[in-house]
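Here's the structure we're looking at; comments come further down.
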Amino acid sequence: MLSYREQVPEDFGGASDFPRSGRGGVEPYRVAELRHELTSIVTSDPFDTTRQADAVLLAWSILRECGFPSFGDIRAKRSEDFCAMIPAELREAVSLSLDTVGWLSYAPKPGQFDRAAQMFARAVALCPLDLGRLEKFAIIAGEIKPEHICNLAHEPRRQAQTAIGFAIQAAKHIEYVLEESFGISRDTLNESSGETLNQLLSAVSDEGRHYLARVLRHLAHLHALQADFFKNGVHAGKAIAAGCSALQIVGLPRGVAECVRMLEEAVKEQPPREVLGDDLSLVVSALDSISRGFHAKWKLFHNQAAGRRSEQIDQLCDTLEAAWLE
Numbered sequence: 000m001l002s003y004r005e006q007v008p009e010d011f012g013g014a015s016d017f018p019r020s021g022r023g024g025v026e027p028y029r030v031a032e033l034r035h036e037l038t039s040i041v042t043s044d045p046f047d048t049t050r051q052a053d054a055v056l057l058a059w060s061i062l063r064e065c066g067f068p069s070f071g072d073i074r075a076k077r078s079e080d081f082c083a084m085i086p087a088e089l090r091e092a093v094s095l096s097l098d099t100v101g102w103l104s105y106a107p108k109p110g111q112f113d114r115a116a117q118m119f120a121r122a123v124a125l126c127p128l129d130l131g132r133l134e135k136f137a138i139i140a141g142e143i144k145p146e147h148i149c150n151l152a153h154e155p156r157r158q159a160q161t162a163i164g165f166a167i168q169a170a171k172h173i174e175y176v177l178e179e180s181f182g183i184s185r186d187t188l189n190e191s192s193g194e195t196l197n198q199l200l201s202a203v204s205d206e207g208r209h210y211l212a213r214v215l216r217h218l219a220h221l222h223a224l225q226a227d228f229f230k231n232g233v234h235a236g237k238a239i240a241a242g243c244s245a246l247q248i249v250g251l252p253r254g255v256a257e258c259v260r261m262l263e264e265a266v267k268e269q270p271p272r273e274v275l276g277d278d279l280s281l282v283v284s285a286l287d288s289i290s291r292g293f294h295a296k297w298k299l300f301h302n303q304a305a306g307r308r309s310e311q312i313d314q315l316c317d318t319l320e321a322a323w324l325e
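Numbering-wise (numbering that gives the first Met the number 0), the sequence shown opens with residue 0 and increments by one.
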């Protein structure tokens, strides 16, 4: 699980709309106490895995205090309606709890992977600028398959629609954060020269650059999924643009032909791991999504050049991936 080639928020209402708990109402001070304790566990560095069960129990305690004692109660409300029921002062606590249960309890279990997606769809909707939760949602949305949607096991069409729905949501959230937090617009990603992206990156920390490269790799994958599902050339173009932007951030040429040529020559002289270091899996994933974008354009528009480009990238990915799996 979690392994593809690697491993404007609105005012949603107030406390008058908030669900009552079984104890007669929400107790903000109790929620604050539980949130403090949960935060101390999940932000420990390194994470204390022996306290994972404690973290999940605390998260459920917060959700129960806020009127959501079970997964069924959470899923019963669409993301928009769920958010409308949470007052602003409790959104972070609820979002953190959804994140904790989704990532630690549901995501590791294939039979509950759809639950993880449901939890993160709401966690990110509540706190759309939380970068860590967004990245986790992007990973899950990129990995989920129709067969993971267990509650629709006898409705394959709806299973497929639900799975791609998570990819759509995650991609939209990523594009929102790119613009709101980093000033990176769709036009910036599409710019062939990459000059605007370079200008924006000059004000971003190394940690921020690493994050952007990862999330753009995820965005490329999510758009490639949509290009395949909808047979849509716009998403194919977005997959290519996001993948090229990820390559640019890690110091490779943005131009696909130039990048492929450079890597082909480099790996003749040195092993791929020495050429790309820790960026190897990210580069393979970005190239894979770019290839899928070109492949979609080939199939949709009978673009032979795009087809040849896809095949060339696939050959390079096979070389790089073989070294990655050694």
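Ideal Cβ positions, reconstructed from N, Cα and C, are used throughout, including at glycine. For clarity, every value in this text was computed on a predicted model and none was experimentally measured.
Asked	Found
Cutoff 6 Å; reference residue 158; Cβ partners in own chain excluding five residues on either side	145, 148, 151
For residue 37, the nearest candidate out of 44, 58, 28 (CA to CA)	58
Reduced DSSP secondary structure (H/G/I, E/B, other) of residue 388	Only positions 0 to 325 of the chain appear in the structure, and residue 388 is not among them; the question remains open.
Alpha carbon of residue 154 to alpha carbon of residue 162, nearest angstrom	12 Å
Span of the alpha helix (DSSP H) around residue 226	205-229
Backbone secondary structure at residue 23 - three-state DSSP	Low per-residue confidence applies at residue 23: pLDDT is 41, beneath 50, and the placement is therefore not dependable, though the value from the model is reported in the following sentence. Three-state result, residue 23: coil.
For residue 48 and residue 29, the rounded distance between their alpha carbons	25 Å
4 or more residues per run - each alpha helix (DSSP H) lying fully within the stretch 246-312	255-268, 271-275, 279-300
Best match in 101, 131, 93, 135 for proximity to residue 125 [C-alpha to C-alpha]	93
Residue 22 versus residue 274 - alpha carbon distance	With a pLDDT of 36 at residue 22, under the threshold of 50, the predicted position of this residue should be treated as unreliable, though the coordinate-derived value follows. About 60 Å.
Where residue 143 falls: helix, strand or coil (DSSP)	coil
Cβ distance (whole Å) where residue 285 is taken to contact residue 221 below 8 Å	With a Cβ gap of about 12 Å, residue 285 and residue 221 do not count as contacting.
Cβ contact check for the stretch 311-319 and the stretch 235-252: 3 or more pairs under 8 Å	no
Continuous alpha helix (DSSP H) stretch holding residue 171: start and end	155-181
For residue 91, the first and last residue of its enclosing alpha helix (DSSP H)	87-99
Close Cβ partners of residue 54 (< 8 Å) along its chain, the five nearest in sequence each way excluded	37, 40, 41, 99, 103
Cut-off 6 Å between Cβ atoms - residues of its own chain near residue 67, not counting five sequence neighbours on either side	73
Range covered by the alpha helix (DSSP H) that runs through residue 51	51-64
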